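Protein chains: 2
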Amino acid sequence: MNSIEHSPLARKLSAFATLSKDELAVLTQLHQRRKTFAAGCDLVHQGQPGQAAYILASGWACSYKIQPEGSRQIVDFQIPGDFLGLRSVLLRTSDHSIEPVVEIEAAEVMADDLLGAFADTPRLAAAILWAASRDEAMVVEHLVGLGRRDADARMAHFLLELGARLAFVGLGSKEGYACPLTQYHLADALGLTAVHVNRVLRQLRERKLVTFREGHVKFGDIDRLMEMADFDPAYLDQTGPLLK
Amino acid sequence: MNSIEHSPLARKLSAFATLSKDELAVLTQLHQRRKTFAAGCDLVHQGQPGQAAYILASGWACSYKIQPEGSRQIVDFQIPGDFLGLRSVLLRTSDHSIEPVVEIEAAEVMADDLLGAFADTPRLAAAILWAASRDEAMVVEHLVGLGRRDADARMAHFLLELGARLAFVGLGSKEGYACPLTQYHLADALGLTAVHVNRVLRQLRERKLVTFREGHVKFGDIDRLMEMADFDPAYLDQTGPLLK
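These protein sequence lines map, in sequence, to chains A and B. Numbering-wise (the UniProt record's numbering), the first sequence opens with residue 1 and increments by one. Numbering-wise (the UniProt record's numbering), the second sequence opens with residue 1 and increments by one.
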């Protein structure tokens, strides 16, 4: 049986709080309305009101904003256990779009479900605010990357962050991870052209730091890569429960 | 008497939910431990554990990250009614620093205060998650600014966002607002040099769109400025209570 304790979201929240039976039961409720979405078909729409949020069960998605002249800025990628559009369910109008990178399975969560869960289990509310804080800390790192890191360090930081997040929910290791992103995804996330992404990846590969090829990221020398990117995973806050 | 309903935080949260007497009482509790902090002395420290959060009662602050080589990326500015370091109280280690831009008054909030408030008033928990979502939406806009907007549009968007936020808590109008920021603050927030900031501000002034001089931002032609920056304030979600 695939019990809720082993769901990616429960694994992730356990870094913040050891969840009780009641809290796990509420989490099971929130996972009820499972749906499948095809790659490339937006499930949250920038500028539209009354959007639901989703808990991603399997697959990868990305959140992005389209600029008026048509360029796209990817804000973040979501992996299993992440909320999709948590901001959109509380803000009246969604400020961004979310697109599945591959076919995904996700559970729909409405504003009322969330408010009900908050009323029943305040610790779960705190855990969800923690998860939102962690998401925001990632966006802040991406902002610092765009504002202050050169292309090599930006790419290295990005690949290391994904690795740490995936390892935490059991989808990767210090060796590497399966990664369905294209060079266009990387370009839109890192503010680079696809040609520039290609060049940066080649340099990292030639320096034997990390290889991204055929849907797989493989770390060569993770310690040197972390040093080069000045990557400190503290902002991911993955070191065991704060609330027992 | 300066009642809690008129505090900037209560005014802001009222955009999300009409707060009950009990909820306002909990908010009063959270405002108890008021402290004064001098300009330039960090009150939250990047990389340190066990940080408190604060509710800003008066003055301006900024959150920032220092890069290893010493450059600074300002993530956001906080104005009265904003939380300072809400992320830091839930994440074990603060991922950023917070510095008062001028002398500020702020109420200290510990993790336990917040968890207690969540247990007593789940709607207030939802309102605080809403405020955190709104903060994240602002960081996302800043990321899009760095990644996709030219310097003029980036500056215009930034001055308009501050204006909308300040007007909402009664500290500005469509005419303009008092602004204690220096060109160095603007440079560190917008990823520009101080010389570039100076040039961009001169151009905006010469085009009669907006003037920033002697601590005051004065809008010349706000409609044209909004069009130029493609500024849509929907992400600030300021249009009246969602929960009655």
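Glycine is no exception: its CB is placed at the ideal position from the N, C-alpha and C atoms. Note that the structure is a prediction, hence the values are computed from the model and not measured.
Can you confirm whether Val140/A, when its beta carbon is compared against all beta carbons of chain B, has any partner nearer than 7 Å? Looking up residue 140/A in the first sequence gives position 140. By this cut-off, Val140/A is an interface position.
Taking the beta strand (DSSP E) that Arg207/A belongs to, which residues open and close that run? Sequence index remark: in the first sequence, residue 207/A carries index 207 (1-based). Per DSSP, Arg207/A belongs to no beta strand (DSSP E) and is neither H nor E.
Please list the residues of the UniProt domain "HTH crp-type" (149-223) of chain A that have a C-beta atom closer than 8 Å to any C-beta atom in chain B, keeping them in chain order. Arg149, Gly191
On a CA-only basis, which of Pro49/A, Ser133/A, Leu186/A, Ala132/A is nearest Arg154/A? Give me that one, please. Counting from 1 along the first sequence, the entry for residue 154/A is found at position 154. Nearest of Pro49/A, Ser133/A, Leu186/A, Ala132/A to Arg154/A, Cα basis: Leu186/A.
Report the neighbours of Thr239/B on chain A: residues whose CB is nearer than 8 Å to its CB, in chain order. Taking the first residue of the second sequence as 1, we reach residue 239/B at position 239. The answer, in chain order, is Arg92.
Could you check if Val26/B belongs to the surroundings of the ligand FMN, using beta carbon to heavy atom distance under 6 Å? No copy of the ligand FMN appears in this structure; indeed no ligand is present at all.
Using a Cβ-Cβ cutoff of less than 8 Å, which residues in the same chain neighbour Val79/A once the five nearest sequence positions on both sides are dropped? The count along the first sequence starts at 1 and reaches residue 79/A at position 79. Per the sequence presented here, residue 79/A reads as Ile, with Val not at that position. Result list for Ile79/A: Pro8, Leu56, Trp60, Leu162, Arg165, Leu166, Val169, Leu171, in chain order.
By the 9 Å beta-carbon criterion, what residues does the region 95-115 of chain B contribute toward chain A? Asp95, His96, Ala111, Leu114, Leu115
Using a 10 Å radius around the Cβ and a threshold of 16 neighbouring Cβ atoms, would you call Cys62/B buried or exposed? Here residue 62/B refers to the residue found at position 62 of the second sequence. Counting Cβ neighbours within 10 Å, Cys62/B comes out buried, since at least 16 surround it.
C-beta neighbour in chain A for Val44/B, strict 7 Å: Within the second sequence, numbered from 1, the residue matching residue 44/B stands at position 44. It does not: the Cβ of Val44/B has no partner Cβ on chain A nearer than 7 Å.
Would you identify the three-state DSSP class for Gln67/A, choosing helix, strand or coil? In the first sequence, residue 67/A corresponds to position 67, counting from 1. Looking at Gln67/A - three-state DSSP - the assignment turns out to be coil, as it is neither helix nor strand.
Consult DSSP for Val217/B and reduce its assignment to one of helix, strand or coil. Locating residue 217/B in the second sequence gives position 217, where the first residue counts as 1. In the structure shown, Val217/B sits in a strand (DSSP, three-state: E or B).
Anticipated Cβ contact below 8 Å, Gly85/A with Gln51/A, distance rounded: Here residue 85/A refers to the residue found at position 85 of the first sequence. Here residue 51/A refers to the residue found at position 51 of the first sequence. Sure, about 6 Å apart at Cβ, within 8 Å.
Chain A contact residues for Leu146/B, given Cβ-Cβ distances below 8 Å: For the purposes of this step, residue 146/B is identified with residue 146 of the second sequence, where counting begins at 1. In chain order: Leu143, Leu146, Gly147, Gly191.
Chain-ordered chain B contacts of Ile128/A [CB-CB under 8 Å]: Against the first sequence, residue 128/A aligns to sequence position 128. Result: Leu129.
For Ile222/B, name the three-state secondary structure that DSSP assigns. Within the second sequence, residue 222/B is the residue found at index 222, counting from 1. Correct three-state label for Ile222/B: helix.
Just verifying my parser: in three-state terms, what is the DSSP assignment at Gly59/A? As a working note, residue 59/A is residue 59 in the first sequence. Gly59/A falls in the coil class under three-state DSSP.
Indicate the three-state DSSP secondary structure (helix, strand or coil) for Gln73/A in the structure shown. Looking up residue 73/A in the first sequence gives position 73. Three-state DSSP puts Gln73/A in a strand.
Secondary structure, alpha helix (DSSP H): runs of 4+ residues fully inside the region 123-175 of chain A: 151-168
Determine the DSSP secondary structure at Glu5/A, reduced to helix, strand or coil. Your numbering for residue 5/A matches position 5 in the first sequence. Helix.
Proximal residues of chain B, C-beta to C-beta of Leu9/A below 8 Å: Taking the first residue of the first sequence as 1, we reach residue 9/A at position 9. Correct list: empty, because the minimum Cβ distance to chain B is about 16 Å.
I want to see whether chain B comes within less than 7 Å of Asp82/A, judged by CB atoms only; does it? Here the question's residue 82/A lines up with position 82 in the first sequence. Output row for Asp82/A: interface = no.
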